[in-house]
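J.:
There are 2 protein chains.
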Amino acid sequence: MARIASLSGFPEWLPEGRLVENHVLDTLRRTFELHGFAPIETRSVEPVSQLLSKGETSKEIYVLSRLQAEQGAEQSDRRLGLHFDLTVPFARWVVEHAGDISFPFRRYQIQKVWRGERPQDGRFREFTQADIDIVGDGQLAEHHEAELALVMAEALAALPIPRAQVRVNNRRLSQGFYEAIGLTDVEGTLRAIDKLDKIGPEAVAELLVAESGATADQAAQALALAGITGGADDVRAAVEGLGVSGELLTQGLDALCAVLETAERRMPGAVIGDLSIARGLDYYTGTVYETTLEGHEDLGSICSGGRYDALASAGNRTFPGVGLSIGVSRLVARILGADLATASRSVPTAVLVAVTDEAHRSRSDDVAAALRARGIPVEVAPSAAKFGKQIRHADRRGIPFVWFVGEDGHAVKDIRSGDQIAADPADWTPPAADLWPTVSGTADAGSSQ
Amino acid sequence: MARIASLSGFPEWLPEGRLVENHVLDTLRRTFELHGFAPIETRSVEPVSQLLSKGETSKEIYVLSRLQAEQGAEQSDRRLGLHFDLTVPFARWVVEHAGDISFPFRRYQIQKVWRGERPQDGRFREFTQADIDIVGDGQLAEHHEAELALVMAEALAALPIPRAQVRVNNRRLSQGFYEAIGLTDVEGTLRAIDKLDKIGPEAVAELLVAESGATADQAAQALALAGITGGADDVRAAVEGLGVSGELLTQGLDALCAVLETAERRMPGAVIGDLSIARGLDYYTGTVYETTLEGHEDLGSICSGGRYDALASAGNRTFPGVGLSIGVSRLVARILGADLATASRSVPTAVLVAVTDEAHRSRSDDVAAALRARGIPVEVAPSAAKFGKQIRHADRRGIPFVWFVGEDGHAVKDIRSGDQIAADPADWTPPAADLWPTVSGTADAGSSQ
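Residue numbers (the working numbering), protein chains in the order written: chain A, 9 to 457; chain B, 9 to 457.
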């Protein structure tokens, strides 16, 4: 087989990278399960017509065709495409299984998604997302909007990464404010505000005047709103200080402050108000979330989501939902690329059992079986080479212990220190820190397992 | 969103099914890691030209195209297809990373694969495979052929399924025998023998005569060989009893008996010789494996694989390998469909903390946080409904405990027995069996967690 260049946008890791990724995935899963989220997986494909119902992502969809399909056999609306997120499939799944589940329904879902865009700036065409959502039948209490931010903050705090901060805004607050000052092009205003980081306030003001019919004063007010960040008290004081009032604005401000107050009580500093958040406000209807990683702001939001009054609907029935999604692959790529965390070895193995000669391999197999029966990961040396070579085999993989099988007793050597002791496979156990590979944050990361 | 019919061939489970699947995946992963297999994942796509290098599966490949791609932009050999197994991608990965890994290299890989065939008889278009392989650089010792059968037998024995038996044959044995009796169309003979189960011995004999140039006597001898099953001694005696000899035949018989002897010593009854196994012998070069599930023989082989003298090659360098692959989705579909095992509840949650009134929700949140900090999965009731309704909320999900937050003390109720006791969130712990959902085999399955 000829050497094949790796495909841009389709990340792959060596085992030591995959061990770090597994640590991230296991940590997320454990946090989600501690909070009662149930696991589901959905198929990787949806009808293209369904994927297109959101419109804007049409360019990114990978469509499937069978290599040997008869010409024209798979017509437009029957075509299947790979899902580009886990929200569209989950919404479909909720409708399909509404009769089989109890509401409010809490689920997590950790799966690959695909986007057929040209890869650039570290964008992946295939990547893993980890989503949590709570979905109700007809109604969903607002306290879940604080809860989700806190579950994700807790999950991120357990990872070997720098401090993450969940930043929240509320669609009703922004819309209520714009309407109260007479800015009727809400969507256009949100699109302009979303460009604040990229083009700066002056250019945004020009955009608002040119494209959303704003006066210079209205543009200045919208920018003043977007400049507000902080905790509940700061946000309330700053918004009220703008001297604008309206029913929707008050609703949105109260909702945002409720989320912030709950978060401040439970995890001080983990969640902050940021009224510049505008992305997604065209489809979210309440709280909207973005998450920045301290010192890695260039990554953009590592965890985003929001509240939908109708995540899904079927006939007269609507299913409001609130959800958040972590871009796992992008996070893992950064952990590995910036050396934020490393695995303690490249294989699960804690002990390599040496083989004295091939005729007695079964004795080494016996030792391995006895250790494994007590939960110790073990492999047996692939050949009865000289012991020095067998030790190098362990050393290259980071396996900490080599076991020697003797005629009248066994010995185990810690090949890092060189210490060797007599040992019995029925009761010897490696130190807890050596039993399985561990993943630790480096000092720079400011966090560790 | 309109109700969408489920897509044939793309299985999805409810949370209680996904919990069973996760138990299966966790058990496999733990067994593989106890044996020192390192985790990797490969991208889901390969160039179509690469996927086609095996030839026979060309009809099954799903090819990707971007929805908005310019006409003709993605030409034949640059097109990407979804992988249909994990062996082709692993072979490519080994060549790509030969400089980064140490040989012999042991890896497991648990991922989705796709086959674009028309779904029938429970065949899936999207399903999960769990593979283990050991790959060498230039050489790979034969003892790994026994080892892999035993790792898989151990993994399958740990699942809540009936007894699985790994059935083994050896390419050199079959080929050596055919050549020794003068049957030169080895591939054709293997194809005919592979049909034994479906069409019976008489039809196979006719095929051998009509299509592989066999005499009636040669056909009878080939069928006699295929009728041999059993342990090392039985197989050796039966093969030698056929009165045929040849160097390749002897090599193959010795190799097969070595695998069987090792397996009999380590896990009596788990691995058996079955000389009717012919599938895959056109590309495997040594041991070949299939696995049947007692009482579920209609499933076909649930775990198959074999030895390749050249799993991959690059220039003058070849990488021999031996591997086995479990069809996880088909196995899980049978576990769920035949009720072989069930999850003890449909959510991870062990405790639902009741809410007395919304104004005091934070007290319930405090209790939940205290319990979670000690590793207990908890959710807080979604609303301060009457306690009877909150208890029903728990009951519908199978959550065993409901926690009541009082002014001057707490109580926890086991809603199955109705027993209620005073409890402190700082030290109360549910019984170990209730902490997390468990997956247990039913009596019929003859195995359990």
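Quick reminder that beta carbons are idealized off the backbone N, C-alpha and C, glycines included.
On a predicted model such as this, the values are computed, not experimentally measured, just so you know.
Would you check if there are 3 or more beta carbon pairs closer than 8 Å linking the stretch 46-59 of chain B to the stretch 86-102 of chain B?
T.: Counting Cβ pairs under 8 Å, three or more are found: they touch.
J.: For a cutoff of 9 Å on Cβ pairs, would you count B:Ser73 as touching chain A?
T.: Your numbering for residue 73 of chain B matches position 65 in the second sequence. Yes, B:Ser73 counts as interfacial toward chain A.
J.: Considering only C-alpha positions, which residue in the set A:Ala138, A:Asp241, A:Gly260, A:Gly235 is nearest to A:Ala188?
T.: By 1-based counting over the first sequence, the position of residue 188 of chain A is 180. Nearest option by C-alpha distance: A:Gly260.
J.: Shorter than 9 Å from the beta carbon of A:Asp145 to some beta carbon of chain D?
T.: Within the model displayed, chain D is absent; protein chains A and B are what it includes.
J.: Since B:Phe18 meets chain A, which of its residues come closer than 7 Å, beta carbon to beta carbon?
T.: In the second sequence, the residue the question calls residue 18 of chain B occupies position 10. Ordered by position in chain A, the residues that pass the 7 Å Cβ test against B:Phe18 are Arg51, Val53.
J.: Interface residues of chain A around B:Ser354 at Cβ under 7 Å?
T.: Working through the second sequence from its first residue, we reach residue 354 of chain B at position 346. Residues of chain A passing the Cβ test: Ala46.
J.: Are the Cβ atoms of B:Arg287 and B:Ile310 separated by less than 9 Å?
T.: For this step, residue 287 of chain B is matched to residue 279 along the second sequence. For this step, residue 310 of chain B is matched to residue 302 along the second sequence. Result no, Cβ atoms of B:Arg287 and B:Ile310 do not sit closer than 9 Å.
J.: For A:Tyr291, decide whether its Cβ has a neighbour in chain B, counting only Cβ atoms nearer than 9 Å.
T.: Numbered from 1 along the first sequence, position 283 holds the residue referred to as residue 291 of chain A. No, A:Tyr291 lies away from the interface with chain B (no Cβ there is under 9 Å from its Cβ).
J.: Using a Cβ-Cβ distance under 9 Å, would B:Tyr70 count as near chain A?
T.: Residue numbering aside, residue 70 of chain B sits at position 62 when the second sequence is read from its first letter. Yes, B:Tyr70 counts as interfacial toward chain A.
J.: Counting Cβ pairs, one atom from each stretch, are 3 or more of them under 8 Å apart for the stretch 347-361 of chain B and the stretch 410-429 of chain B?
T.: Segments in contact, yes.
J.: Cβ closer than 8 Å: which chain A residues qualify as neighbours of B:Val56?
T.: Counted from its first residue, the second sequence places residue 56 of chain B at position 48. What B:Val56 touches in chain A: Leu75.
J.: The stretch 305-339 of chain A: which residues have C-beta closer than 7 Å to a C-beta of chain B, in chain order?
T.: Within the stretch 305-339 of chain A, the qualifying residues are Ala320, Ser321, Ala322.
J.: Do A:Glu387 and A:Val420 come within 9 Å of each other at the CB atom, strictly closer than that value?
T.: Walking along the first sequence from the start, residue 420 of chain A turns up at place 412. Walking along the first sequence from the start, residue 387 of chain A turns up at place 379. No, these two residues do not count as a Cβ contact at 9 Å.
J.: In this structure, how does DSSP classify B:Leu42 when only helix, strand and coil are distinguished?
T.: Taking the first residue of the second sequence as position 1, residue 42 of chain B is located at position 34. Reduced to three states, the DSSP call for B:Leu42 is helix.
J.: Counting only beta-carbon separations shorter than 9 Å, does B:Pro439 have a partner in chain A?
T.: For this step, residue 439 of chain B is matched to residue 431 along the second sequence. Closer than 9 Å: no.
J.: Taking Cβ positions, are A:Pro433 and A:Asp365 nearer each other than 9 Å?
T.: For this step, residue 433 of chain A is matched to residue 425 along the first sequence. For this step, residue 365 of chain A is matched to residue 357 along the first sequence. Their beta carbons are not under 9 Å apart, which means A:Pro433 does not touch A:Asp365 by this criterion.
J.: Nearest CA to the CA of B:Leu229: which residue from B:Leu216, B:Phe395, B:Glu68, B:Gly239?
T.: In the second sequence, residue 229 of chain B corresponds to position 221, counting from 1. The question names Leu, yet the displayed sequence has Gln at residue 229 of chain B. Ranking B:Leu216, B:Phe395, B:Glu68, B:Gly239 by Cα distance to B:Gln229 puts B:Leu216 first.
J.: Cutting at 6 Å between CB atoms, please list the residues of its own chain near B:Gln117, excluding the five before and the five after it.
T.: Reading the second sequence from its first residue, position 109 is the one you call residue 117 of chain B. Cβ within range, chain order: Ile48, Leu94, Asp139.
J.: Does the Cβ-Cβ distance between A:Ala392 and A:His401 come in under 9 Å?
T.: Along the first sequence, one-based indexing puts residue 392 of chain A at 384. Along the first sequence, one-based indexing puts residue 401 of chain A at 393. Taking 9 Å as the Cβ cut-off, A:Ala392 and A:His401 do not qualify as a contacting pair.
J.: Can you grab the Cα-Cα spacing for the pair B:Gly417 / B:Ala441, in whole Å?
T.: Counting from one through the second sequence, the residue named residue 417 of chain B turns up at place 409. Counting from one through the second sequence, the residue named residue 441 of chain B turns up at place 433. So the two alpha carbons sit approximately 26 Å from each other.
J.: At the 9 Å Cβ level, is B:Asp365 part of the contact set with chain A, yes or no?
T.: Numbered from 1 along the second sequence, position 357 holds the residue referred to as residue 365 of chain B. No, because no Cβ of chain A sits closer than 9 Å to the Cβ of B:Asp365.
J.: From A:Leu319 to A:Arg171, what distance separates their C-alpha atoms?
T.: For the purposes of this step, residue 319 of chain A is taken as residue 311 along the first sequence, with counting starting at 1. For the purposes of this step, residue 171 of chain A is taken as residue 163 along the first sequence, with counting starting at 1. Cα-Cα distance, rounded: 30 Å.
J.: Can you find the residues in the same chain that come closer than 6 Å, C-beta to C-beta, to A:Val194, ignoring five residues on each side of it along the sequence?
T.: The residue you call residue 194 of chain A lines up with position 186 of the first sequence. Excluding sequence neighbours, A:Val194 sits near Gln183, Tyr186.
J.: B:Pro433 CB to nearest chain A CB: under 9 Å?
T.: Here residue 433 of chain B refers to the residue found at position 425 of the second sequence. Not one chain A Cβ lies under 9 Å of B:Pro433.
J.: Under the criterion of a Cβ to heavy atom distance below 8 Å, does A:Leu158 qualify as lining the ligand GDP?
T.: Judged by which ligands are present, the structure shown has none, so any question about the ligand GDP falls away.
J.: Report buried or exposed for A:Asp282, applying the criterion of at least 16 other Cβ atoms within 10 angstroms of its Cβ.
T.: Position 274 of the first sequence, counting from 1, holds the residue named residue 282 of chain A. A:Asp282 should be labelled buried.
J.: Under 8 Å, with one C-beta from each stretch per pair, do the stretch 295-310 of chain A and the stretch 219-229 of chain A reach the 3-pair mark?
T.: In short, these stretches do not touch, since the Cβ pair count stays below three.
J.: Straight-line CA distance for B:Thr258 to B:Leu268?
T.: By 1-based counting over the second sequence, the position of residue 258 of chain B is 250. By 1-based counting over the second sequence, the position of residue 268 of chain B is 260. Taking the straight line joining both Cα atoms gives about 15 Å.
J.: Identify, in the order they occur along the chain, each residue of the same chain with its Cβ nearer than 6 Å to the Cβ of B:Val102, setting aside the five sequence neighbours on each side.
T.: By one-based count along the second sequence, residue 102 of chain B stands at place 94. Closer than 6 Å at Cβ, skipping near neighbours: Val143, Ala320, Phe327.
J.: My output table needs one value for A:Val355: the three-state DSSP class, helix, strand or coil.
T.: What you label residue 355 of chain A is simply residue 347 of the first sequence in a count that begins at 1. DSSP places A:Val355 in coil when its eight states are reduced to three.
J.: Quick one, which residues of the stretch 216-239 of chain A are near chain B if we go by CB-CB under 8 Å, in chain order?
T.: Flagged: no residues at all.
J.: For A:Thr39, count neighbouring Cβ atoms within 10 angstroms of its own Cβ and tell me buried if that reaches 16, exposed if not.
T.: As a first step, residue 39 of chain A is located in the first sequence; it is residue number 31 there, counting from the start. Label assigned to A:Thr39: buried.
J.: Looking at chain A, which residues of the stretch 381-405 of chain B have a Cβ within less than 7 Å of any of its Cβ atoms?
T.: If the cut-off is 7 Å between Cβ atoms, the stretch 381-405 of chain B has Pro385, Val386, Glu387, Pro390, Ser391, Arg404, Arg405 near chain A.
J.: Under 9 Å, do A:Thr437 and A:Ile384 count as touching if we go by C-beta distance?
T.: As a working mapping, residue 437 of chain A is identified with position 429 in the first sequence. As a working mapping, residue 384 of chain A is identified with position 376 in the first sequence. Against a cut-off of 9 Å, the Cβ pair of A:Ile384 and A:Thr437 comes out as a contact.
J.: Quick check on B:Leu36 - is its C-beta less than 9 Å from some C-beta in chain A?
T.: In the second sequence, counting from the first residue as 1, residue 36 of chain B sits at position 28. Not an interface residue.
J.: Return the chain-ordered list of same chain residues with a C-beta closer than 7 Å to the C-beta of A:Ala234, the five sequence neighbours on each side being excluded.
T.: Walking along the first sequence from the start, residue 234 of chain A turns up at place 226. Taken in chain order, the residues that qualify are Ile201, Leu204, Leu283, Ser284.
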